[in-house]
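Numbering (the working numbering), first residue to last: 209 to 444.
Note that beta-carbon positions come from the ideal geometry of N, C-alpha and C, so glycine has one too.
Owing to the predicted nature of the structure, the values given are computational and were not obtained by experimental measurement.
Data first, discussion second: the structure below is written as structure tokens.
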């Protein structure tokens, strides 16, 4: 099967395009991180190049998003230079029925949270496999920690009932290092009954910069699925 006919890739492209189509001329756009969001960035760039979109500037949530935006000709700005974000597009690792999210599979959740919460409209793009009945069912909660505090933070989250594990690099010796120069602890909880309270509790542990629970943030969730071999997009 070629990439052009891979139904999963085609589905991600379709979801990315659906999100990119929501961007209007004159907008400041939060550019998220991940494979599906990458297609949204690509399509925003194509709309700019064709003249369908004008006067767009992007705020990247990661080095990956910054590189892609430059590749596709999207002008970039920083939070220092703007006073609002019109729309942000980003992925998620889990989405529950209340549109609460777990993010951070790409270790970019701190910057993503800053940008996504600032946006007037936050669009989440996911495939159907990311939908869960209860947050934390599949994915651990990523917690970004300053390096000196890794051990005490791991002890603290264990007291909360979590099972902490330092995220290690792939094809790299040693731990994953975020764009902020910190480390990530992935914490698995048997059950997350109160995502809002857990988000605050984790962030109150000294040494924690931010965690991957996003509550009351997502406005629209675009879900890509493959049905009868064909990619389809529905909205939660």
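Tell whether a beta-carbon distance below 7 Å holds between residue 417 and residue 285. Sequence index remark: in the chain shown, residue 417 carries index 209 (1-based). Sequence index remark: in the chain shown, residue 285 carries index 77 (1-based). Here residue 417 is not near residue 285, since their CB atoms are 7 Å or more apart.
Work out the CA separation of residue 420 and residue 312 for me, nearest whole Å. Translated into positions along the chain shown, residue 312 becomes position 104. Translated into positions along the chain shown, residue 420 becomes position 212. When rounded, the distance between both Cα atoms is 5 Å.
Please look up how many angstroms separate the CB atoms of residue 366 and residue 372, rounded, as I've assumed it's under 8 Å. Indexing the chain shown from 1 puts residue 366 at position 158. Indexing the chain shown from 1 puts residue 372 at position 164. Going by Cβ atoms, the distance from residue 366 to residue 372 rounds to 6 Å, so yes, they are a contact pair.
For residue 440, which residues of its own chain have a beta-carbon under 7 Å away from its beta-carbon, when the five flanking residues on both sides are left out? What you label residue 440 is simply residue 232 of the chain shown in a count that begins at 1. Correct list, in chain order: 433.
Cβ atoms of residue 394 and residue 348: under 7 Å apart, would you say? Sequence index remark: in the chain shown, residue 348 carries index 140 (1-based). Sequence index remark: in the chain shown, residue 394 carries index 186 (1-based). Their beta carbons are under 7 Å apart, which means residue 348 touches residue 394 by this criterion.
Proximal residues to residue 216 (C-beta, below 7 Å), its chain only, five neighbours per side dropped: Your numbering for residue 216 matches position 8 in the chain shown. Closer than 7 Å at the Cβ level, and outside the excluded window around residue 216, lie 434.
Taking 6 Å as the limit between beta carbons, can you name the residues of its chain near residue 413, skipping five residues before and five after? Counting from one through the chain shown, the residue named residue 413 turns up at place 205. Here the set comprises 361 and 364.
Inter-residue spacing [alpha-carbon to alpha-carbon] between residue 368 and residue 298: Residue numbering aside, residue 368 sits at position 160 when the chain shown is read from its first letter. Residue numbering aside, residue 298 sits at position 90 when the chain shown is read from its first letter. Each residue's alpha carbon lies about 29 Å from the other.
Could you say which of 222, 248, 295 and 274 lies nearest to residue 234 if we only look at CA atoms? Position 26 of the chain shown, counted from the first residue, corresponds to residue 234. Shortest Cα-Cα distance from residue 234 to any of 222, 248, 295 and 274 involves 295.
Rounded Cβ spacing between residue 253 and residue 281 (contact assumed at less than 8 Å): On the chain shown, residue 253 is found 45 positions in, with the first residue counted as 1. On the chain shown, residue 281 is found 73 positions in, with the first residue counted as 1. Rounded, the Cβ-Cβ distance is 5 Å, consistent with contact.
Tell me whether residue 209 is buried or exposed, calling it buried when 16 or more other Cβ atoms sit within 10 Å of its Cβ. Locating residue 209 in the chain shown gives position 1, counting from the first residue. Confidence at residue 209 is low in this model, with a pLDDT of 46, below 50, so its placement is unreliable and the value that follows should be read with caution. Label assigned to residue 209: exposed.
Rounded distance between the beta-carbons of residue 402 and residue 331, thought under 8 Å: Reading the chain shown from its first residue, position 123 is the one you call residue 331. Reading the chain shown from its first residue, position 194 is the one you call residue 402. Wrong, their Cβ atoms sit about 26 Å apart, outside the cutoff.
Rounded C-alpha distance that separates residue 259 from residue 357: As a working note, residue 259 is residue 51 in the chain shown. As a working note, residue 357 is residue 149 in the chain shown. One alpha carbon belongs to residue 259, the other to residue 357, and they sit about 49 Å apart.
Report the rounded CA-to-CA distance for residue 245 versus residue 327, giving the unit in angstroms. The count along the chain shown starts at 1 and reaches residue 245 at position 37. The count along the chain shown starts at 1 and reaches residue 327 at position 119. Near 16 Å, if we compare the C-alpha coordinates of residue 327 and residue 245.
According to DSSP, residue 306 sits in a beta bridge with which residue or residues? Taking the first residue of the chain shown as 1, we reach residue 306 at position 98. Answer is none; residue 306 lacks a bridge partner.
Range of the contiguous alpha helix (DSSP H) that encloses residue 274: To locate residue 274, count along the chain shown from 1; it is residue 66. Note, residue 274: alpha helix (DSSP H), 271-279.
7 Å Cβ cutoff met for residue 333 and residue 410: Translated into the one-based positions of the chain shown, residue 333 becomes position 125. Translated into the one-based positions of the chain shown, residue 410 becomes position 202. Taking 7 Å as the Cβ cut-off, residue 333 and residue 410 do not qualify as a contacting pair.
Proximity of residue 392 and residue 315 at Cβ, strictly below 7 Å: Translated into the one-based positions of the chain shown, residue 392 becomes position 184. Translated into the one-based positions of the chain shown, residue 315 becomes position 107. Contact check for residue 392 against residue 315 passes: the beta carbons are separated by less than 7 Å.
From the DSSP output, which residues share a beta bridge with residue 422? The count along the chain shown starts at 1 and reaches residue 422 at position 214. DSSP, once it has assigned bridges, lists 309 as partnering residue 422.
Own chain partners of residue 293 with C-beta closer than 8 Å, once the 5 adjacent residues on each side are dropped: Here residue 293 refers to the residue found at position 85 of the chain shown. Excluding positions up to five away in sequence, the list reads 236, 237, 238, 267, 323, 326, 327 and 328.
Going by DSSP, what residue range makes up the alpha helix (DSSP H) through residue 289? To locate residue 289, count along the chain shown from 1; it is residue 81. Counting along the chain, no alpha helix (DSSP H) covers residue 289, and no H or E run does either.
Decide if residue 390 is buried, meaning its Cβ has at least 16 other Cβ atoms within 10 Å, or exposed. Position 182 of the chain shown, counted from the first residue, corresponds to residue 390. Buried, since its Cβ has 16 or more Cβ neighbours within 10 Å.
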